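So the sequence shown is numbered by the numbering used here: it starts at 8 and just counts up by one.
Ideal Cβ placement from N, Cα and C applies to all residues, glycine included.
Keep in mind the model is a prediction, meaning the values are calculated, not measured.
One structure below.
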Amino acid sequence: MPAPDELSLFAVRLEAIGAPYMVTGATAAILYGQPRVTNDLDVVLQLDHASLAALLAAFAESDFYVPPESVIRAEMARNQRGHFNLIHHETGHKADIYLTGADPLHSWAMPLRRRLRWGEGLDISVAPPEYVVLRKLEYYREGRSAKHPADIRAIQEVTGVDASALAPWLERMGLAPLWLEILSAP
C-alpha cells in the first residue's frame, strides 16, 4: 500500500469539515511555481465553534495528534496569529493550521482562494498567488532565507501575479522595496 501523501492526508479531511480553508506557504509556492522540499503543510482555516466539532471528528486522535479542544478554543479566541498543529502519527506529516482571526490579509485572500486539482478526484483550496507572494515577502524580511525569493520568482514566472491586486498590499505592508529587489535580481 503506498504511503499517503501529505497534502491528501490533510486536504481530504479539511474538505469534509466544510469550513473555508486555503493551502499556503511552501506547498502553495510549489503548486504555483517549481518543486522543492518542504517539511509541513501550511493551512489558513476559518474555524468557528460549529466547524470545530467537525475538525475534531475528522482528525481522530487515534490517527493524529490533535491539541486538546481547550487549546484550540484558546487559539480561536485570539484576534491575530491563532495557530495549532495536526500531526499524523504513522507518517509524522504535520499541518500548521493558522486561524483567520482578524488578519486583514487572510480576510482579503480567503474569498479569492483557488480550487486546484490534486491527484485523482481531489480538489483543494489554495491561497491566491498574490497572498503567497506577500507572505513570502514578509518571511524574507524577517529571516532573509534564500528560499523565499526563489519561491517568489518561480510563482511570478510560472503562474504570474496580478500586479494591481498586489500593489496596495505591498504599500500597506511596507514590502514594495523588497518586491522590487527580488524582481530586479538576476
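Residue burial classification, residue i (beta-carbon count within 10 angstroms, cutoff 16)
{"i": "tyrosine 138", "result": "buried"}
{"i": "serine 132", "result": "buried"}
{"i": "alanine 153", "result": "exposed"}
{"i": "arginine 20", "result": "buried"}
{"i": "alanine 10", "result": "In this predicted model, alanine 10 has a pLDDT of only 47, less than 50, meaning its place in the structure is not dependable; the value taken from the coordinates is given anyway. Answer is exposed; the Cβ neighbour count stays below 16."}
Cα-Cα separation, residue i to residue j
{"i": "methionine 8", "j": "glutamate 127", "result": "With a pLDDT of only 29 at methionine 8, under 50, the local geometry of the prediction cannot be trusted, and the value read off the model is given with reservation. Spanning the two alpha carbons is a distance of roughly 17 Å."}
{"i": "leucine 16", "j": "alanine 174", "result": "35 Å"}
{"i": "glycine 32", "j": "arginine 142", "result": "8 Å"}
{"i": "leucine 190", "j": "alanine 161", "result": "11 Å"}
{"i": "arginine 121", "j": "proline 135", "result": "6 Å"}
{"i": "alanine 84", "j": "glycine 108", "result": "8 Å"}
{"i": "asparagine 92", "j": "leucine 129", "result": "22 Å"}
{"i": "alanine 18", "j": "proline 156", "result": "27 Å"}
{"i": "aspartate 49", "j": "proline 193", "result": "29 Å"}
{"i": "aspartate 55", "j": "threonine 34", "result": "25 Å"}
{"i": "glycine 167", "j": "methionine 180", "result": "20 Å"}
{"i": "glutamate 13", "j": "alanine 36", "result": "15 Å"}
{"i": "serine 69", "j": "alanine 61", "result": "16 Å"}
{"i": "glycine 40", "j": "valine 140", "result": "11 Å"}
Start-to-end residues for the beta strand (DSSP E) that takes in residue i
{"i": "aspartate 130", "result": "129 to 133"}
{"i": "threonine 31", "result": "28 to 31"}
{"i": "histidine 95", "result": "90 to 95"}
Segment limits, alpha helix (DSSP H) that includes residue i
{"i": "leucine 48", "result": "Careful: leucine 48 lies outside any alpha helix (DSSP H), inside the beta strand (DSSP E) at 48 to 52."}
{"i": "phenylalanine 17", "result": "13 to 24"}
{"i": "valine 78", "result": "76 to 84"}
{"i": "glutamate 68", "result": "First-last for glutamate 68: undefined, no H or E at that position."}
{"i": "proline 184", "result": "183 to 191"}
CB-CB length for residue i against residue j, believed under 8 Å
{"i": "histidine 90", "j": "aspartate 103", "result": "7 Å"}
{"i": "alanine 23", "j": "alanine 65", "result": "5 Å"}
{"i": "leucine 106", "j": "leucine 52", "result": "6 Å"}
{"i": "leucine 185", "j": "tyrosine 147", "result": "6 Å"}
{"i": "aspartate 47", "j": "lysine 101", "result": "4 Å"}
{"i": "leucine 182", "j": "leucine 144", "result": "4 Å"}
Runs of beta strand (DSSP E) lying entirely within the segment 104 to 179, each at least 3 residues, in chain order: 121 to 125 and 129 to 133
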